[in-house]
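Remarks on the structure that follows.
2 protein chains.
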Amino acid sequence: MNDTSFNPRDCGTCPIRHRAVCSRCEPEELDHLDDIKYYRTYEAGQPVIWAGDPMEFVASVVTGIATLSQTMEDGRTQMVGLLLPSDFIGRPGREHAPFDVVAVTDLTLCCFRKKPFESLMGSTPSIGGRLLQMTLDELDSAREWMLVLGRKTAREKIASLLLIIARRDAALHKRLPKDGMSFDLPLTREAMADYLGLTLETVSRQISALKKSEVINLQGKRQVHIPDLQKLIGETGDDVDGGHIF
Amino acid sequence: MNDTSFNPRDCGTCPIRHRAVCSRCEPEELDHLDDIKYYRTYEAGQPVIWAGDPMEFVASVVTGIATLSQTMEDGRTQMVGLLLPSDFIGRPGREHAPFDVVAVTDLTLCCFRKKPFESLMGSTPSIGGRLLQMTLDELDSAREWMLVLGRKTAREKIASLLLIIARRDAALHKRLPKDGMSFDLPLTREAMADYLGLTLETVSRQISALKKSEVINLQGKRQVHIPDLQKLIGETGDDVDGGHIF
DNA sequence: ATCTTGCTTTGATCCTGATCAATGTCAGTG
DNA sequence: CACTGACATTGATCAGGATCAAAGCAAGAT
Numbered sequence: 001m002n003d004t005s006f007n008p009r010d011c012g013t014c015p016i017r018h019r020a021v022c023s024r025c026e027p028e029e030l031d032h033l034d035d036i037k038y039y040r041t042y043e044a045g046q047p048v049i050w051a052g053d054p055m056e057f058v059a060s061v062v063t064g065i066a067t068l069s070q071t072m073e074d075g076r077t078q079m080v081g082l083l084l085p086s087d088f089i090g091r092p093g094r095e096h097a098p099f100d101v102v103a104v105t106d107l108t109l110c111c112f113r114k115k116p117f118e119s120l121m122g123s124t125p126s127i128g129g130r131l132l133q134m135t136l137d138e139l140d141s142a143r144e145w146m147l148v149l150g151r152k153t154a155r156e157k158i159a160s161l162l163l164i165i166a167r168r169d170a171a172l173h174k175r176l177p178k179d180g181m182s183f184d185l186p187l188t189r190e191a192m193a194d195y196l197g198l199t200l201e202t203v204s205r206q207i208s209a210l211k212k213s214e215v216i217n218l219q220g221k222r223q224v225h226i227p228d229l230q231k232l233i234g235e236t237g238d239d240v241d242g243g244h245i246f
Numbered sequence: 001m002n003d004t005s006f007n008p009r010d011c012g013t014c015p016i017r018h019r020a021v022c023s024r025c026e027p028e029e030l031d032h033l034d035d036i037k038y039y040r041t042y043e044a045g046q047p048v049i050w051a052g053d054p055m056e057f058v059a060s061v062v063t064g065i066a067t068l069s070q071t072m073e074d075g076r077t078q079m080v081g082l083l084l085p086s087d088f089i090g091r092p093g094r095e096h097a098p099f100d101v102v103a104v105t106d107l108t109l110c111c112f113r114k115k116p117f118e119s120l121m122g123s124t125p126s127i128g129g130r131l132l133q134m135t136l137d138e139l140d141s142a143r144e145w146m147l148v149l150g151r152k153t154a155r156e157k158i159a160s161l162l163l164i165i166a167r168r169d170a171a172l173h174k175r176l177p178k179d180g181m182s183f184d185l186p187l188t189r190e191a192m193a194d195y196l197g198l199t200l201e202t203v204s205r206q207i208s209a210l211k212k213s214e215v216i217n218l219q220g221k222r223q224v225h226i227p228d229l230q231k232l233i234g235e236t237g238d239d240v241d242g243g244h245i246f
């Protein structure tokens with residue numbers, strides 16, 4: 001929580017703290033780097049890449065939301081990650097995408113061609129270190145999510161997802177999650193179900209139940225209002241003390 | 001699959017490919033490194049570290065099996081990782097353990113004090129790179145496990161776990177998993193249940209069911225024999241083609 | 001305005017896996 | 001040997017969430 005002022009050359013969110021290639025820094029000034037770095041936009045619903053496809057870039061999310069997911073032959077789908085602005089996509093050193101990546105909303109990626117990115121990593125060890133820290137964070141999140149998938153009830157799952165989105169939304173707007181906050185729910189009921197290992201009907205029912213218990217309010221179907229953050233946290237089943245406040 | 005002969009100075013399994021600190025390399029010769037590196041043994045059932053405790057070392061598993069798990073206040077437990085020989089424990093740059101680590105069998109760890117390990121990382125960039133690759137692998141495994149937890153049936157979950165253990169056992173003994181293989185099941189029914197997000201009764205019933213379907217055979221309660229590996233793979237619900245053979 | 005279309009809600013019923021409870025197995029011990 | 005205690009199996013019943021089905025709702029298209 002150092003209150004360093006925002007530096008457009010080093011926004012602090014992208015993995016590459018290097019002024020030539022920082023992903024959110026005045027794109028128009030960096031056009032001459034086209035052969036290393038480029039922006040790419042996707043419409044809501046469009047696939048970014050399918051599992052198994054060769055992946056010749058790494059990227060970080062500039063705006064919008066994407067999902068990482070896995071589908072079985074018979075169509076059962078499990079979302080394994082939610083990619084929000086500042087999240088990183090791609091595995092340096094790997095040939096193929098391990099999972100499907102799909103744009104949920106309109107999406108802008110800041111992409112780096114993989115080869116030049118890897119040589120940049122070689123010459124700038126701090127990038128590798130940053131990437132290791134980010135990967136460790138993601139691993140911890142994935143493991144925390146395993147508890148949600150394996151042991152929580154439907155109601156606790158919904159509450160956990162809402163809390164995560166609320167916190168990430170607050171973090172994105174650089175403020176603390178607090179009582180009375182509202183945010184836009186970026187996922188359809190089906191996408192939430194795929195994330196939580198539920199059916200969309202169960203998601204809908206549990207959201208209705210949380211509304212009836214006045215844990216949340218809805219304006220329309222997608223705008224969520226949280227009157228009492230502690231009440232929502234209480235519904236997640238998590239240890240109230242142990243919670244990291246992001 | 002390069003058939004390089006085994007080099008006791010660089011066993012190829014531990015993250016630290018550096019001859020002063022390779023974890024499985026002739027421990028007795030390295031006693032003078034006591035202040036950086038030391039071996040530690042735990043009995044079956046002993047905790048290695050609890051979530052939230054300060055963690056002043058990183059380690060790699062030399063022999064035995066440990067589990068990474070998370071427990072809710074009301075006692076619901078979810079295992080989030082299985083640590084087998086050559087697996088790495090610890091997060092350079094982090095103060096506290098994120099999860100509980102418990103020895104399932106007798107366990108030997110090769111520990112490195114964190115500070116010297118971190119400075120070694122600083123002076124030897126290849127260690128960081130290796131660690132990044134290992135962490136990316138673990139992240140992929142964790143995400144694959146999310147599909148198991150979120151979308152698979154009890155029978156598919158059991159089959160998936162047996163297959164993972166069979167493959168890791170085969171890899172450990174440096175041979176391919178094949179028909180007619182046998183291995184020792186290192187986990188109790190309860191530990192399997194914690195891993196799979198099931199109850200121990202369901203685990204027991206599904207193991208009995210797989211036995212009745214002749215997908216597996218049991219000698220005693222822990223010795224598993226697999227007469228037809230493809231049959232087991234067929235029970236996992238996974239895409240038969242897409243399977244990586246380790 | 002009416003019709004689409006995609007998303008969501010709600011209802012009725014079913015089924016998988018949880019829960020509660022009893023019994024079985026076996027290695028270790030006196 | 002019988003006794004103990006930890007682990008495992010099996011049975012009976014229950015409940016949470018899935019499944020199948022029918023409307024409801026809102027934004028765009030005609």
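Respectively, the protein sequence lines represent chains A and B.
So the first sequence is numbered by our numbering: it starts at 1 and just counts up by one.
So the second sequence is numbered by our numbering: it starts at 1 and just counts up by one.
The beta carbon of each residue, even a glycine, is placed where N, CA and C say it ideally should be.
For my contact list, Asp194(A) and Met79(A) are in at a C-beta cut-off of 8 Å; report their separation, rounded to the angstrom.
Met79(A) and Asp194(A) do touch by the CB rule: their CB atoms are close to 5 Å apart, below 8 Å.
Consult DSSP for Ile129(A) and reduce its assignment to one of helix, strand or coil.
Per the sequence shown, residue 129(A) should be read as Gly rather than Ile. Here Gly129(A) sits in helix by DSSP.
Give the residues of chain B in contact with Asp100(A), contact being defined as C-beta atoms less than 7 Å apart.
Chain B residues near Asp100(A): none, gap ~11 Å exceeds 7 Å.
Is it buried or exposed for Glu201(A), if we count other Cβ within 10 angstroms and need 16 for buried?
With a threshold of 16 other beta carbon atoms within 10 Å, Glu201(A) falls short and is exposed.
Does DSSP put Val58(B) in a helix, a strand or coil?
Three-state DSSP puts Val58(B) in a strand.
Output the distance between the C-alpha atoms of Gly12(B) and Gly128(B), rounded to the nearest integer angstrom.
With a pLDDT of 43 at Gly12(B), under the threshold of 50, the predicted position of this residue should be treated as unreliable, and no value is reported.
Report the rounded CA-to-CA distance for Glu156(A) versus Glu144(A), giving the unit in angstroms.
14 Å
Roughly how many whole angstroms lie between the Cα atoms of Arg24(A) and Gly93(A)?
Residue placement at Arg24(A) cannot be trusted, given a pLDDT of 44 that sits under 50; the coordinates are not used to answer.
Span of the beta strand (DSSP E), counted from its first residue to its last, around Ile49(A)
47 to 49
For Thr71(A) and Phe88(B), the rounded distance between their alpha carbons
C-alpha separation (whole angstroms): 29 Å.
Determine, using beta carbons only, whether Met222(A) and Asp169(A) come nearer to each other than 7 Å.
The sequence given here has Arg at residue 222(A), not Met. Taking 7 Å as the Cβ cut-off, Arg222(A) and Asp169(A) do not qualify as a contacting pair.
For Pro8(B), does the count of other Cβ atoms within 10 angstroms reach 16, so buried, or fall short, so exposed?
Bear in mind that a pLDDT of 37 at Pro8(B), under 50, signals an unreliable position, so the number given afterwards is only what the model happens to contain. Exposed.
Could you check how far apart the C-beta atoms of Gly81(A) and Val58(A) are, in whole angstroms? I think they sit under 8 Å.
Gly81(A) to Val58(A), Cβ: 15 Å. No contact.
By the three-class DSSP mapping on this structure, what secondary structure does Leu30(B) have?
Confidence in Leu30(B) is poor, its pLDDT being 40 and thus under 50, which makes the residue's placement unreliable; the coordinate value appears in the next sentence. Leu30(B): helix per DSSP, three-state reduction.
Whose Cβ in chain B lies nearer than 8 Å to the Cβ of Thr135(A)?
Leu132, Thr135, Leu136, Leu139
Contact the segment 109 to 117 of chain A vs the segment 158 to 177 of chain A: 3+ CB pairs below 8 Å
no
Does Asp53(B) get closer than 7 Å to chain A when you measure Cβ to Cβ?
no
Three or more beta-carbon pairs under 8 Å between the segment 169 to 182 of chain B and the segment 133 to 143 of chain B, yes or no?
no
Alpha carbons only, please: which of Leu176(A), Glu43(A), Gly52(A) is nearest the one belonging to Pro98(A)?
Of the candidates Leu176(A), Glu43(A), Gly52(A), the one whose C-alpha sits nearest the C-alpha of Pro98(A) is Gly52(A).
Could you work out which residues of chain B lie near Arg76(A), taking near to mean beta carbons separated by less than 9 Å?
Contact of Arg76(A) with chain B by beta-carbon distance below 9 Å involves Leu147, Gly150, Arg151, Lys152, Gly237.
Taking the alpha carbon of Thr188(B) as the point to measure from, which residue in Val104(B), Trp50(B), Thr63(B), Gln219(B) has its own alpha carbon closest?
Val104(B)
Between the segment 89 to 119 of chain A and chain B, which residues of the former have CB atoms less than 8 Å from a CB of the latter, in chain order?
When C-beta distances to chain B are compared with 8 Å, the residues of the segment 89 to 119 of chain A below that value are Arg91, Pro92, Gly93, Arg94, Pro98, Phe99, in chain order.
When DSSP builds the beta bridges, which residues end up paired with Ala103(B)?
Ala66(B)
Chain A within 7 Å of Pro47(B), Cβ atoms only:
no
Starting from the beta carbon of Arg40(A), find every residue of chain B whose beta carbon is closer than 9 Å, and list them in chain order.
Residues of chain B passing the Cβ test: none, with the nearest at roughly 23 Å.
Indicate the three-state DSSP secondary structure (helix, strand or coil) for Lys37(A) in the structure shown.
strand
Thinking C-alpha only, which one of Val101(A), Thr63(A), Ile36(A) is nearest Lys114(A)?
Ile36(A)
For Arg189(B), which residues in chain A fall below 7 Å Cβ to Cβ?
The contacting residues do not exist; Arg189(B) stays about 16 Å from chain A at best.
In the segment 160 to 178 of chain B, which residues sit with their C-beta less than 7 Å from some C-beta in chain A, listed in chain order?
Cβ contacts with chain A: none found.
Just checking: is the beta-carbon of Leu229(B) within a distance shorter than 7 Å of some beta-carbon in chain A?
no
Other residues of its chain near Leu83(B): CB distance less than 6 Å, five sequence neighbours each side excluded:
Around Leu83(B), the same chain offers Val61, Ala66 as residues with beta carbons nearer than 6 Å, after the five sequence neighbours per side are excluded.
If we define contact as Cβ-Cβ less than 7 Å, is His32(A) a contact residue for chain B?
For His32(A), the pLDDT reaches just 42, beneath the cut-off of 50, and the residue's location in the model is therefore unreliable, leaving the point undetermined.
Please tell me whether Leu132(B) and Leu132(A) are closer than 7 Å, where the distance is taken between their beta carbons.
Yes. Within cutoff.
May I ask you to list the residues that DSSP assigns as paired with Thr188(B)?
The partner list for Thr188(B) (beta bridge, DSSP) is empty, contrary to what the question assumes.
Which word fits Gly197(B), buried or exposed, when buried means at least 16 other C-beta atoms lie within 10 angstroms of its C-beta?
By the neighbour-count criterion, in which 16 or more other beta carbons inside 10 Å mark a residue as buried, Gly197(B) falls on the buried side.
Let me make sure I understand the geometry here. Which of Lys211(A), Pro47(A), Met192(A), Thr124(A) has the alpha-carbon closest to that of Val203(A)?
If we check each option's Cα against that of Val203(A), Met192(A) comes out closest.
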